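Enquirer: Input: one structure, supplied below.
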Amino acid sequence: MEKEKEEKISSLPENAYRELKAGEQYHPIMSPNRQYPEVSAWSVFWGLVMAVVFSAAAAYLGLKVGQVFEAAIPIAIIAVGLSNAFRRKNALGENVIIQSIGASSGVIVAGAIFTLPALYILQDKYPEITINFFEVFMSSLLGGILGILLLIPFRKYFVSDMHGKYPFPEATATTQVLVSGEKGGNQAKPLILAGLIGGLYDFIVASLGWWSETISTRLVGAGELLAEKAKVVLKVNTGAAVLGLGYIIGLKYSLIICAGSFLVWLIIIPALSLLFGSEVLTLGNAAITTTVGSMSPEEIFTTYARHIGIGGIATAGIIGIIKSWDIIRGAVGLAAKELKGKEGSSATTAVRTQRDLSMKIIMIGIAATLIVTFLFFQFGVLHNWFHAIIGLLLVGVIAFLFTTVAANAIAIVGTNPVSGMTLMTLILASIILVAVGLNGPAGMVSALIIGGVVCTALSMAGGFITDLKIGYWLGSTPAKQQGWKFLGTLVSAATVGGVILILNQTYGFTSGQLAAPQANAMAAVIEPLMSGSGAPWVLYAIGAILAVLLNFFKVPALAFALGMFIPIELNTPLLIGGAISWYVGSRSKDQALNNARLEKGTLLASGFIAGGALMGVVSAALRFGGIDLMNEAWAGSKGAECVAIVVYLLLIFYLGYSSIKTEKEK
Numbered sequence: 009m010e011k012e013k014e015e016k017i018s019s020l021p022e023n024a025y026r027e028l029k030a031g032e033q034y035h036p037i038m039s040p041n042r043q044y045p046e047v048s049a050w051s052v053f054w055g056l057v058m059a060v061v062f063s064a065a066a067a068y069l070g071l072k073v074g075q076v077f078e079a080a081i082p083i084a085i086i087a088v089g090l091s092n093a094f095r096r097k098n099a100l101g102e103n104v105i106i107q108s109i110g111a112s113s114g115v116i117v118a119g120a121i122f123t124l125p126a127l128y129i130l131q132d133k134y135p136e137i138t139i140n141f142f143e144v145f146m147s148s149l150l151g152g153i154l155g156i157l158l159l160i161p162f163r164k165y166f167v168s169d170m171h172g173k174y175p176f177p178e179a180t181a182t183t184q185v186l187v188s189g190e191k192g193g194n195q196a197k198p199l200i201l202a203g204l205i206g207g208l209y210d211f212i213v214a215s216l217g218w219w220s221e222t223i224s225t226r227l228v229g230a231g232e233l234l235a236e237k238a239k240v241v242l243k244v245n246t247g248a249a250v251l252g253l254g255y256i257i258g259l260k261y262s263l264i265i266c267a268g269s270f271l272v273w274l275i276i277i278p279a280l281s282l283l284f285g286s287e288v289l290t291l292g293n294a295a296i297t298t299t300v301g302s303m304s305p306e307e308i309f310t311t312y313a314r315h316i317g318i319g320g321i322a323t324a325g326i327i328g329i330i331k332s333w334d335i336i337r338g339a340v341g342l343a344a345k346e347l348k349g350k351e352g353s354s355a356t357t358a359v360r361t362q363r364d365l366s367m368k369i370i371m372i373g374i375a376a377t378l379i380v381t382f383l384f385f386q387f388g389v390l391h392n393w394f395h396a397i398i399g400l401l402l403v404g405v406i407a408f409l410f411t412t413v414a415a416n417a418i419a420i421v422g423t424n425p426v427s428g429m430t431l432m433t434l435i436l437a438s439i440i441l442v443a444v445g446l447n448g449p450a451g452m453v454s455a456l457i458i459g460g461v462v463c464t465a466l467s468m469a470g471g472f473i474t475d476l477k478i479g480y481w482l483g484s485t486p487a488k489q490q491g492w493k494f495l496g497t498l499v500s501a502a503t504v505g506g507v508i509l510i511l512n513q514t515y516g517f518t519s520g521q522l523a524a525p526q527a528n529a530m531a532a533v534i535e536p537l538m539s540g541s542g543a544p545w546v547l548y549a550i551g552a553i554l555a556v557l558l559n560f561f562k563v564p565a566l567a568f569a570l571g572m573f574i575p576i577e578l579n580t581p582l583l584i585g586g587a588i589s590w591y592v593g594s595r596s597k598d599q600a601l602n603n604a605r606l607e608k609g610t611l612l613a614s615g616f617i618a619g620g621a622l623m624g625v626v627s628a629a630l631r632f633g634g635i636d637l638m639n640e641a642w643a644g645s646k647g648a649e650c651v652a653i654v655v656y657l658l659l660i661f662y663l664g665y666s667s668i669k670t671e672k673e674k
């Protein structure tokens with residue numbers, strides 16, 4: 009019987025990914041009519057370990073390059089490796105819980121680092137701004153809890169009712185890892201090897217400086233001349249983690265992101281210098297006193313061009329809400345019906361695999377979270393009853409409306425447009441808070457804390473729908489995933505708060521060593537609105553018009569706009585990684601072989617991401633402890649840049665060749 013059971017869980021049912029026919033039902037791997045080991049001391053312990061480790065890693069990588077990797081895949085691989093190493097039987101349900109608790113890390117990190125570091129960035133200009141661990145921790149915790157509670161009523165719609173209609177790319181990859189793990193867990197080996205290679209590679213770059221972190225066209229004389237005269241420059245970050253990120257994102261979205269970046273760096277920046285070279289373009293910012301022509305390409309980007317991307321991101325978020333309105337209305341109706349008609353019975357009579365936390369618990373939880381949020385705003389941030397009520401309304405309304413946008417984005421493309429939605433929240437919050445008399449540094453802090461809660465709520469909503477889809481495919485109990493997600497959120501929020509404080513003390517968010525592009529964008533938006541000096545509305549409007557046009561032509565506006573405001577050196581490696589992914593997945597006429605190669609590459613790329621990010625945290629810890637091994641003089645030289653080209657090409661070769669030589673499973 010045991011052997012038969014193992015054979016049953018070796019692959020997903022044939023109808024897992026397609027739409028169901030009339031009267032057809034999906035039967036998950038773990039039968040709804042049986043109980044399986046899910047929540048245990050083993051699964052909770054390792055889930056919390058993953059939450060701590062990947063929270064630290066994701067926070068560092070996100071602040072370093074502006075991209076937060078999805079932790080679900082590497083956590084799933086590690087969970088499978090552990091269960092096989094310790095010979096645990098029937099570990100599939102436990103592995104889902106490990107993944108679900110651990111995956112709190114990436115979503116909490118995304119919510120926190122997109123907004124809260126902006127407080128440190130603004131503190132550099134306004135010393136009266138104070139930030140403490142409690143503010144960062146509570147913003148992340150309350151947002152995470154609110155995101156879980158707001159998403160649960162939408163679970164059935166996205167996960168079950170729309171079976172086969174949404175691709176869920178991230179959930180698909182993670183589910184395949186968990187399922188294949190029941191066949192031996194061999195996938196952990198290439199992940200660990202790639203993690204060691206990527207980790208060592210990025211440690212050498214970040215801590216020793218044996219080669220440059222960035223390659224630029226300024227390396228050659230003609231490139232230097234182009235940058236100085238025409239304001240044209242191209243750059244590539246040589247990190248292993250960013251290359252791995254590009255592989256997983258894939259060629260399509262990497263191309264769109266880079267298209268936005270190339271538009272800015274190859275057309276808009278040179279055009280601004282050509283047309284307005286002798287002028288001082290203040291655009292509402294009196295602090296700008298130099299002519300456009302005397303600025304470097306990087307200065308033109310941060311002063312002007314990036315704001316076009318900000319306008320595009322905010323508008324893409326609004327378009328997303330409009331598109332999702334029917335989903336919002338439908339899910340609210342389902343929740344209301346359950347609360348009225350099935351409140352007492354749904355939690356007990358539903359089959360195990362469709363059993364959510366009861367609507368009564370959800371409604372009490374939402375009310376309690378909003379009350380605590382109000383008290384936090386009143387006594388910890390705003391210190392004004394009226395302002396605290398305004399802040400609470402902003403959080404409640406915006407988080408509720410954008411929950412479906414986040415879940416929908418994850419379901420379709422695996423990418424959560426949380427930064428664009430948060431930018432719109434900040435603009436709205438700033439305008440409203442100024443209107444009720446709260447401005448200046450106090451207003452900046454208030455708007456960013458409000459934005460932090462909303463951002464984390466939306467990030468959690470988008471990420472958690474992935475966990476619930478994985479559980480649906482495999483046959484986990486949703487209520488158990490939902491209940492234990494709160495613990496993962498608590499641990500992740502505490503870890504992220506500590507990491508942000510350490511990174512600020514080690515590097516500082518204004519030193520240039522931490523890109524934190526989203527947080528810089530938030531600070532750039534909020535400062536002029538709160539200081540009364542206006543904002544570059546013309547640039548925002550150009551970005552908004554561009555987003556509308558992109559949407560009209562069916563081009564993902566959010567990805568394009570993100571490329572416009574993330575520095576180009578962090579976008580070009582995504583294109584390289586995406587190109588490797590395309591090459592690996594299209595070399596053979598045998599699609600099964602192509603799929604096997606792509607999966608192997610995904611494991612290697614996940615290893616690059618996890619290893620590179622974790623060693624980035626180690627590098628930060630060394631500097632925090634006063635241990636500086638960096639050879640600054642060599643690291644900034646042209647010789648180090650030449651070495652970087654050679655080593656980076658070797659890294660690219662390893663990723664491509666190791667994936668190509670994979671044989672399809674027999």
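Our numbering applies: residue 9 is where the sequence shown begins, and numbers increase by one. Yeah, the Cβ is synthetic: ideal placement off N, Cα and C, and Gly gets one too. Given the structure is predicted, the values throughout are model-derived calculations rather than measurements.
Using the rule of at least 16 other Cβ atoms within 10 Å of the residue's Cβ for burial, across every protein chain shown, is residue 391 buried or exposed?
Expert: Under this definition residue 391 is an exposed residue.
Enquirer: Can you tell me whether residue 528 is helix, strand or coil according to DSSP?
Expert: Note: residue 528 maps to helix in three-state DSSP.
Enquirer: Kindly provide the ranges of any alpha helix (DSSP H) runs that are 4 or more residues long and lie completely inside the stretch 346-404, ordered along the chain.
Expert: As far as the stretch 346-404 is concerned, its whole alpha helix (DSSP H) runs of at least 4 residues are 354-357 and 367-384.
Enquirer: Here's a check: name, in chain order, each residue in its chain whose Cβ is nearer than 7 Å to the Cβ of residue 26, leaving out the five neighbours to either side.
Expert: So the list reads 172, once near-sequence residues are dropped.
Enquirer: Please state whether DSSP places residue 281 in a helix, a strand or coil.
Expert: Looking at residue 281 - three-state DSSP - the assignment turns out to be helix.
Enquirer: Would residue 462 and residue 151 be called neighbours here (beta carbons separated by less than 8 Å)?
Expert: Cβ atoms of residue 462 and residue 151: closer than 8 Å.
Enquirer: Flag this pair as touching only if the stretch 480-489 and the stretch 43-52 have three or more C-beta atom pairs under 8 Å; answer yes or no.
Expert: The answer is yes - the stretch 43-52 touches the stretch 480-489, with three or more Cβ pairs under 8 Å.
Enquirer: What would DSSP say about residue 224, mapped onto helix, strand or coil?
Expert: In the structure shown, residue 224 sits in a strand (DSSP, three-state: E or B).
Enquirer: Return yes when the C-beta of residue 626 is under 7 Å from any heavy atom of the ligand SAH, and no when it is not.
Expert: No copy of the ligand SAH appears in this structure; indeed no ligand is present at all.
Enquirer: For residue 128, which residues in the same chain have their Cβ closer than 7 Å to its Cβ, ignoring the five residues on either side in sequence?
Expert: Only 139, 512 and 517 meet the Cβ criterion.
Enquirer: Residue 237 lies in the beta strand (DSSP E); which residues open and close that run?
Expert: Where residue 237 is concerned, there is no enclosing beta strand (DSSP E), given that its DSSP letter is neither H nor E.
Enquirer: Just to confirm my understanding: we take residue 658, look at its own chain, exclude 5 residues before and 5 after, and list those with CB closer than 7 Å. What are they?
Expert: None.
Enquirer: Is the separation between the beta-carbon of residue 522 and that of residue 71 shorter than 8 Å?
Expert: Closer than 8 Å, so yes.
Enquirer: Helix, strand or coil for residue 243 per DSSP?
Expert: Strand.
Enquirer: What is the DSSP secondary structure of residue 315, counted as helix, strand or coil?
Expert: It is helical.
Enquirer: Indicate whether the contact test is met: 3 or more Cβ pairs, each with one atom in the stretch 550-565 and one in the stretch 598-613, closer than 8 Å.
Expert: In short, these stretches do not touch, since the Cβ pair count stays below three.
Enquirer: With the cut-off set at 8 Å, would you say residue 378 and residue 400 are in Cβ contact?
Expert: For residue 378 and residue 400, yes; Cβs fall inside 8 Å.
Enquirer: Would you kindly check if the distance between the Cβ of residue 469 and the Cβ of residue 433 is under 8 Å?
Expert: Against a cut-off of 8 Å, the Cβ pair of residue 469 and residue 433 comes out as no contact.
Enquirer: For residue 456, count neighbouring C-beta atoms within 10 Å of its own C-beta (all shown protein chains included) and say buried if the count is 16 or more, exposed if not.
Expert: Counting Cβ neighbours within 10 Å, residue 456 comes out buried, since at least 16 surround it.
Enquirer: Using 8 Å for Cβ pairs, my map puts residue 252 next to residue 478. What's the rounded Cβ distance?
Expert: Actually they are not in contact, since the Cβ atoms of residue 252 and residue 478 sit about 21 Å apart, beyond 8 Å.
Enquirer: Mapping DSSP to helix, strand and coil, what is residue 577?
Expert: It is helical.
Enquirer: So residue 592 and residue 539 are in contact, right, with Cβ under 8 Å, and what is the actual spacing, rounded?
Expert: So it is not a contact: roughly 50 Å between Cβ atoms.
Enquirer: Check whether the Cβ atoms of residue 157 and residue 458 lie closer than 8 Å to each other.
Expert: No.
Enquirer: Let me know the secondary structure DSSP gives residue 138 once reduced to three states.
Expert: Correct three-state label for residue 138: coil.
Enquirer: Within 10 angstroms of the Cβ of residue 372, are there 16 or more other Cβ atoms? Answer buried if so, exposed if not.
Expert: The residue is exposed, with fewer than 16 neighbouring Cβ atoms inside 10 Å.
Enquirer: With burial defined as no fewer than 16 other Cβ atoms inside 10 Å of the residue's Cβ, what is the status of residue 560: buried or exposed?
Expert: By the 10 Å Cβ count, residue 560 comes out exposed.
Enquirer: Please work out which residues of its chain come closer than 6 Å, Cβ to Cβ, to residue 662, disregarding the five sequence neighbours upstream and downstream, and give them in chain order.
Expert: Excluding sequence neighbours, residue 662 sits near nothing in its chain.
Enquirer: Suppose the cutoff is 6 Å on Cβ atoms and the five residues either side in sequence are ignored; what does the same chain contact list for residue 281 look like?
Expert: Only 239, 300 and 301 meet the Cβ criterion.
Enquirer: Of the choices 503, 665 and 529, whose alpha-carbon is the least far from that of residue 569?
Expert: Closest option to residue 569, Cα to Cα, is 529.
Enquirer: Considering residue 493, what are the terminal residues of the alpha helix (DSSP H) in which it resides?
Expert: Residues 486-514.
Enquirer: In angstroms, rounded to a whole number, what distance separates the CA positions of residue 534 and residue 122?
Expert: About 13 Å.
Enquirer: Have a look at 633, 649, 642 and 565 and flag the residue whose alpha-carbon is nearest the alpha-carbon of residue 263.
Expert: Comparing Cα-Cα distances from residue 263 to each of 633, 649, 642 and 565, the minimum goes to 565.
Enquirer: Tell me whether residue 97 is buried or exposed, calling it buried when 16 or more other Cβ atoms sit within 10 Å of its Cβ.
Expert: Classification for residue 97: exposed.
Enquirer: Helix, strand or coil for residue 290 per DSSP?
Expert: Residue state, collapsed to three classes: coil.
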